[in-house]
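**Q** In terms of my numbering, the sequence shown opens at residue 4 and continues consecutively. Just so you know, even glycine gets a beta-carbon here, dropped at the ideal spot from N, CA and C.
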Amino acid sequence: MRAHITAVAHYVPPDVFDNNWFASFLDTNDEWIRERTGIVERRFLREGGTSDMIVPAATQVLAQRGLTPADIECIIVCTVTPDQFFPSTAANVQRKLGAVNAWGFDLNAACSGFVYGLWVASKLVESGGAKNVLLCGADKMSSIINFSDRATCVLFGDGAGVVLVEPSPDESLGIQDAIIRMDGEGGKYLYMPAGGSLRPPSHDTVANKEHYVFQDGQTVFKAAVVGMAEVSAEIMEQNNLAPEDIAWLVPHQANLRIIDATARRMGLSKDKVMVNIDRYGNTTAATIPICLSELHQQNKLKPGDNVILASFGAGYTWGSLWLRWSLDHSA
Ligand code: COA
């Protein structure tokens with residue numbers, strides 16, 4: 004049995020912050036941010052936590068599928084910005100939706116969260132371990148970025164994307180294959196230095212701004228270009244997929260230059276690459292489901308389309324997943 008995506012929706016906060024907003028209090032400018040990253044604007048959530056962005060998207064997903072919250076069996080929330088350490092954000096989503104029959108958990112694979120999560124959700128559904136999984140990729144990055152560090156704060160945004168994963172009646176459709184990787188040696192180049200059990204919060208950690216994203220941008224950039232491009236080419240080779248077989252590459256949106264390098268390595272033209280980094284920045288676990296939701300809304304995905312998801316993030320974690328789209332927007 005295969006699993007497929009049967010509904011998809013997203014939520015982004017209404018408040019837009021363009022590059023010039025950062026230039027009003029940091030030594031940066033619109034031109035640098037656009038040229039080095041491809042980002043023009045991003046959205047930040049003023050009130051509430053990550054679950055507050057998931058719930059409106061999840062509500063749309065249920066409406067699309069004609070289900071009630073009680074029909075959900077499992078909730079997975081991929082995030083690095085949970086509402087709090089515990090209970091899980093999945094538990095908060097369960098409570099807020101009234102999904103009284105659901106169990107669930109949070110999954111932390113940073114920017115690769117959604118790719119990891121979709122692979123896990125598909126295996127749960129394929130094995131009969133759950134009849135459906137509400138898979139959420141969401142991050143409130145504004146809660147963990149240092150607004151005085153121009154090299155990181157301009158990169159991120161807030162948002163949520165949600166899909167429903169269910170058994171596919173047609174083996175040829177749905178999640179087909181994935182290559183998922185991790186290299187903990189990369190941990191020191193992109194991480195939050197304090198706040199966990201190793202270095203609990205203290206006056207010093209707060210004073211030293213250690214509860215924010217730390218990133219060695221150039222090192223991560225080089226690793227991401229190689230990692231995301233190689234794994235995406237590998238999934239094509241492993242499944243005998245030629246560039247002309249692919250309808251869409253849906254890559255993690257961290258930097259337009261990383262996306263371009265991946266598309267080049269796969270032999271794909273730009274019109275087959277989903278890009279919305281200009282409008283949202285890097286929303287971490289939310290980038291890929293937001294992209295899928297926008298493609299679906301715009302009726303750009305057709306049943307049978309070969310779609311490659313690709314990601315790279317903290318850990319390091321990275322991966323590529325091949326699916327055959329099954330949702331018909333016009334149906
Ligand atoms: N505005 C203006 N100048 C900036 C700036 C900003 N917002 N941020 C950094 N700079 C400066 C740096 O201080 C540096 O100045 P210097 O040469 O005087 O020291 C210069 O720009 C070049 O910095 P560098 O870090 O070499 O730039 P870059 O081309 O590597 O781009 C990133 C920086 C962060 C955009 C890029 O490294 C990147 O995207 N990294 C990977 C992000 C990622 O994929 N993360 C993983 C997934 S979450």
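Could you please give the first and the last residue of the uninterrupted beta strand (DSSP E) stretch that includes C114?
**A** Per DSSP, C114 belongs to no beta strand (DSSP E) and is neither H nor E.
**Q** Figure out for me which residue from G101, I78 and V128 has the closest Cα to the Cα of S91.
**A** When only C-alpha atoms are compared, the closest one is I78.
**Q** The alpha helix (DSSP H) with V15 in it runs from where to where?
**A** Careful: V15 lies outside any alpha helix (DSSP H) and carries neither H nor E.
**Q** With DSSP collapsed to three states, give me the class of T320.
**A** Of the three classes helix, strand and coil, the one that applies to T320 here is strand, per DSSP.
**Q** Would you mind working out which of A6, D180, T9 and R184 sits nearest M1, comparing C-alpha positions?
**A** Nothing about residue 1 can be reported from this structure: the residues present for the chain run from 4 to 334 only.
**Q** In terms of residue numbering, what span does the beta strand (DSSP E) encompassing S145 cover?
**A** Looking at the DSSP string, S145 is not in any beta strand (DSSP E), and its letter there is neither H nor E.
**Q** Please report how far the alpha carbon of T208 lies from the alpha carbon of E237, in whole angstroms.
**A** Roughly 42 angstroms between the two C-alpha positions.
**Q** What do you reckon, is the C-beta of L259 under 7 angstroms from a heavy atom of the ligand COA?
**A** No; taking the cut-off as 7 angstroms, the Cβ of L259 has no heavy atom of the ligand COA nearer than that.
**Q** May I ask which residues mark the beginning and end of the beta strand (DSSP E) holding W328?
**A** Counting along the chain, W328 falls outside any beta strand (DSSP E), and DSSP gives it neither H nor E.
**Q** Of the choices K126, V118 and A26, whose alpha-carbon is the least far from that of V165?
**A** Nearest C-alpha to V165: V118.
**Q** So within the region 78-107, which uninterrupted alpha helix (DSSP H) runs reach at least 4 residues, ignoring any that extend past its ends?
**A** DSSP runs (the alpha helix (DSSP H)) wholly in the region 78-107: 92-100.
**Q** Return yes when at least one heavy atom of the ligand COA lies under 7 angstroms from the C-beta of L193, else no.
**A** Within the cutoff, so yes.
**Q** How should V103 be labelled, buried or exposed, when 16 other C-beta atoms within 10 angstroms of its C-beta is the threshold for buried?
**A** Burial call: exposed.
**Q** Residues in the same chain with beta-carbon distance under 7 angstroms from P246, minus the five sequence neighbours each way, listed in chain order, please.
**A** Same-chain partners within the cutoff: M269, G270 and L271.
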